[in-house]
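Notes to accompany the following structure.
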Amino acid sequence: MKMLIDSQWVEASDGRWKDVINPGTGEVIDRVPLATLEDATRALEAAQRGKEAMRRTPAHVRSAILDRIADALTANLESLSRLLAAENGKPIRQTREEIGATIRIFRGFAEEAKRIMGRVVPMDAVPGQERHLAMTIRQPLGVVAAIVPFNYPVELYAHKAAPALAAGNAVITKPPSDCPLTLLKIAELMEEAGLPRAAHQVITGPGQLIGDFLARSPGIQMVTVTGSTQVGIRIAELAAKHLKRVHMELGGNDATIILEDADLEKAAEAVILGRLARGNGQICCAVKRIFVHASVYDRVAELLTAKAKALKVGDQLQEDTDVGPLINEAAAIQVEAVIRDAVKAGAVVKAGGTRQGAFITPTVLTHVPPSVELFREETFGPVAPLVAFDTVDQAVAMANDSPYGLQAAVFTRDISRAFDIAYRLEAGGVIVNWSSALRVESLPFGGIKMSGHGREGLHDTLDEMTEQKVILVHNALNVFDQQ
Numbered sequence: 186m187k188m189l190i191d192s193q194w195v196e197a198s199d200g201r202w203k204d205v206i207n208p209g210t211g212e213v214i215d216r217v218p219l220a221t222l223e224d225a226t227r228a229l230e231a232a233q234r235g236k237e238a239m240r241r242t243p244a245h246v247r248s249a250i251l252d253r254i255a256d257a258l259t260a261n262l263e264s265l266s267r268l269l270a271a272e273n274g275k276p277i278r279q280t281r282e283e284i285g286a287t288i289r290i291f292r293g294f295a296e297e298a299k300r301i302m303g304r305v306v307p308m309d310a311v312p313g314q315e316r317h318l319a320m321t322i323r324q325p326l327g328v329v330a331a332i333v334p335f336n337y338p339v340e341l342y343a344h345k346a347a348p349a350l351a352a353g354n355a356v357i358t359k360p361p362s363d364c365p366l367t368l369l370k371i372a373e374l375m376e377e378a379g380l381p382r383a384a385h386q387v388i389t390g391p392g393q394l395i396g397d398f399l400a401r402s403p404g405i406q407m408v409t410v411t412g413s414t415q416v417g418i419r420i421a422e423l424a425a426k427h428l429k430r431v432h433m434e435l436g437g438n439d440a441t442i443i444l445e446d447a448d449l450e451k452a453a454e455a456v457i458l459g460r461l462a463r464g465n466g467q468i469c470c471a472v473k474r475i476f477v478h479a480s481v482y483d484r485v486a487e488l489l490t491a492k493a494k495a496l497k498v499g500d501q502l503q504e505d506t507d508v509g510p511l512i513n514e515a516a517a518i519q520v521e522a523v524i525r526d527a528v529k530a531g532a533v534v535k536a537g538g539t540r541q542g543a544f545i546t547p548t549v550l551t552h553v554p555p556s557v558e559l560f561r562e563e564t565f566g567p568v569a570p571l572v573a574f575d576t577v578d579q580a581v582a583m584a585n586d587s588p589y590g591l592q593a594a595v596f597t598r599d600i601s602r603a604f605d606i607a608y609r610l611e612a613g614g615v616i617v618n619w620s621s622a623l624r625v626e627s628l629p630f631g632g633i634k635m636s637g638h639g640r641e642g643l644h645d646t647l648d649e650m651t652e653q654k655v656i657l658v659h660n661a662l663n664v665f666d667q668q
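This is the structure in structure tokens:
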């Protein structure tokens with residue numbers, strides 16, 4: 186497949202390509218251009234024309250375009266789902282859900298495009314300013330660069346591109362190097378939906394080369410990135426040179442606290458789905474650290490072990506597969522290494538713990554020392570580590586003892602305790618009696634601390650992607666002179 190620059194499908198300027206591999210089989214699915222800085226410069230120059238065209242496109246037209254994109258995604262749902270599963274490794278049932286969420290996001294922002302509203306500010310609230318008339322309006326930033334990760338590439342792309350276009354911006358997208366094909370297919374559908382020329386472009390190429398270029402270029406007004414904390418820091422440093430806006434949703438080491446009065450079956454089910462059987466464990470807000478009250482620790486471990494062993498690992502294109510391959514074999518080798526490190530430090534493998542190629546068998550670990558890397562840093566794979574606690578204060582302190590703060594979860598039948606713990610946990614979101622791996626497009630999503638800043642969601646992203654402008658008409662009124 187070719188990449189999209191200035192509404193044309195092109196190869197790299199130097200003719201180089203990169204193979205896209207099915208991580209489960211090692212089969213080459215397709216290839217994409219390995220973009221150069223010359224290619225990126227062409228895209229950036231085209232985007233300057235694209236942003237002017239988008240700025241002149243009325244809201245109702247932008248809304249209709251996004252609706253047509255959603256229609257096209259719906260018509261192609263099955264083929265897109267199969268392509269995404271093949272290149273990404275997530276089971277086909279989950280990629281269908283991802284495309285479904287993407288359709289909802291585009292439809293949602295089609296509606297929100299018509300609701301970008303300002304306000305009238307009462308100047309008579311300030312002595313001496315009574316005769317003025319003031320209002321605010323929201324206008325597009327210009328060009329938004331969207332840097333998309335591999336784990337949920339289509340859904341997270343939608344959270345960036347749909348609001349940017351809804352707000353009247355042009356978009357340059359850097360898709361994940363390991364799985365860019367589905368986004369390129371979607372870009373074809375978007376071009377057919379009637380976007381202005383160069384309003385939307387997709388550059389395939391080395392992540393750091395293209396990402397750094399977009400972050401440091403003055404022709405970009407905002408960079409929105411989902412990725413590792415290290416990538417976020419790098420982008421922020423480069424973007425600071427031009428004080429461009431940066432939105433970052435970065436790494437997480439999400440804590441789950443299971444109290445002694447919890448519904449243990451439900452808690453175990455949520456951990457399995459939120460850590461082992463969703464996204465192959467590669468979810469930023471997945472269950473990463475599991476704190477269990479000592480009185481129910483053994484029972485929770487027993488439930489998780491049985492449920493983990495029942496999961497089917499295999500071909501992601503088979504309907505009954507629960508866990509597919511990680512994004513590549515190197516990622517699986519890294520997860521295998523931190524499992525071995527934890528075992529050497531005293532952790533006990535209750536289920537899984539093995540690797541075959543890019544596959545990691547769903548793993549449950551007990552007696553995990555909180556000091557090991559698997560527990561201290563984000564582990565991107567199907568691994569559920571358990572640590573016991575005796576008091577709520579101890580559990581909250583351990584959960585907050587992390588540089589990350591994306592999401593968290595707490596299980597209890599006592600709603601007062603649930604709210605108390607939710608208030609005390611240092612995270613962008615807290616889920617009560619379900620997995621932290623929960624994201625709904627109508628809710629604001631994002632983290633604190635080293636998990637980033639800013640919020641994505643139908644009612645939040647548009648504020649991030651527009652500028653607020655004040656318009657004041659001096660001495661427009663005399664009504665307050667009639668006294």
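Those letters in the sequence shown? Residues 186 to 668, per this note's numbering, in order. Beta carbons are placed, not taken as given, at the ideal position from N, Cα and C, and that holds for glycine.
Assign residue i to one of three DSSP states: helix, strand, or coil.
i	result
V553	coil
P403	coil
I512	coil
L496	coil
G614	strand
Q579	helix
L449	helix
I277	helix
H432	strand
T210	coil
V528	helix
E626	coil
R227	helix
V311	coil
I301	coil
A286	helix
I468	coil
L662	coil
T411	strand
Q503	coil
Measuring CA to CA, which of the options is closest to residue i?
i	options	result
T139	K492, K494, G396, T414	Beyond the ends of the chain as shown, which are 186 and 668, falls residue 139; an answer cannot be given.
Q501	K535, F544, A486	F544
E652	I322, T539, Q503	I322
F398	A330, G459, L380	A330
G499	V485, R401, T546, A343	T546
A447	K654, T597, S264	T597
L511	R474, V339, P276, L251	P276
L449	D586, G538, V595, G293	V595
P365	R602, D204, A573	D204
T492	I475, H659, T548	Here the sequence assigns Lys to residue 492, which means Thr is not the residue at that position. The shortest Cα separation from K492 among I475, H659, T548 belongs to T548.
F574	F476, K634, V485	F476
Could you spell out the range, first to last residue, of the beta strand (DSSP E) harbouring residue i?
i	result
R304	304-306
H677	Given that the chain is displayed from residue 186 to residue 668, the structure contains no residue 677 and the question cannot be resolved.
T242	Element bounds for T242: n/a, residue is neither H nor E.
K370	From DSSP, K370 is part of no beta strand (DSSP E) but of the alpha helix (DSSP H) over 366-377.
F565	Taken as a continuous stretch (DSSP letters only), F565 belongs to no beta strand (DSSP E), as it is neither H nor E.
R323	318-325
T221	Per DSSP, T221 belongs to no beta strand (DSSP E) and is neither H nor E.
A536	533-536
Checking the sheet assignment: what are the DSSP bridge partners for residue i?
i	result
Y671	Residue 671 lies beyond the stretch modelled for the chain, which goes from 186 to 668, so this question has no answer here.
F335	Answer is none; F335 lacks a bridge partner.
I442	F476, V595
L189	W194, V387
D672	Residue 672 lies beyond the range of the chain shown here (186 to 668); nothing can be said about it.
Q233	Paired residue(s): none; Q233 is not in a bridge.
T548	V568
F574	H478
T358	A331, V387
W539	Looking at the sequence shown, residue 539 is not Trp but Thr. T539 is not bridged to any residue.
E296	Beta-bridge pairing links E296 to no other residue.
E340	Its beta-bridge partners do not exist; DSSP assigns none.
Could you tell me whether any Cβ in chain C is nearer than 7 Å to the Cβ of residue i?
i	result
V523	Here chain C cannot be found, since the structure has a single protein chain.
For the alpha helix (DSSP H) containing residue i, name the first residue and the last one.
i	result
R382	Taken as a continuous stretch (DSSP letters only), R382 belongs to no alpha helix (DSSP H), as it is neither H nor E.
D648	646-649
R419	414-424
D605	600-609
- request: Would you check if the stretch 520-534 and the stretch 440-459 touch, i.e. whether three or more CB-CB distances between them fall below 8 Å?
  value: Below 8 Å, too few C-beta pairs join the stretch 440-459 and the stretch 520-534 to call them touching: fewer than three.
- prompt: Should the stretch 521-531 be regarded as contacting the stretch 571-583, the criterion being three or more beta carbon pairs within less than 8 Å?
  reply: No, because fewer than three Cβ pairs between the stretch 521-531 and the stretch 571-583 fall closer than 8 Å, the two stretches do not touch.
message: Count Cβ pairs between the stretch 503-517 and the stretch 208-215 that sit closer than 8 Å; are there 3 or more?
response: When C-beta atoms of the stretch 503-517 are compared with those of the stretch 208-215, three or more pairs fall below 8 Å, so the two segments count as touching.
query: If you pair each beta-carbon of the stretch 448-468 with each one of the stretch 605-625, do three or more pairs fall below 8 Å?
result: Cβ pair count under 8 Å is three or more, so yes.
Stretch pair the stretch 286-295 + the stretch 610-619: three plus CB contacts closer than 8 Å: Output reads no: the stretch 610-619 does not touch the stretch 286-295.
Inter-stretch contact (C-beta, 8 Å, three-pair minimum) for the stretch 327-347 and the stretch 359-374: Taking a cut-off of 8 Å on C-beta distances, the stretch 327-347 touches the stretch 359-374, as three or more cross pairs fall below it.
message: Below 8 Å, how does it come out for the stretch 346-355 and the stretch 247-267: are there three or more Cβ pairs, yes or no?
response: Contact between the stretch 346-355 and the stretch 247-267 is present, because at least three Cβ pairs lie under 8 Å.
query: Do three or more CB pairs link the stretch 377-386 to the stretch 399-417 at distances below 8 Å?
result: With contact defined as three or more Cβ pairs closer than 8 Å, the stretch 377-386 and the stretch 399-417 are not in contact.
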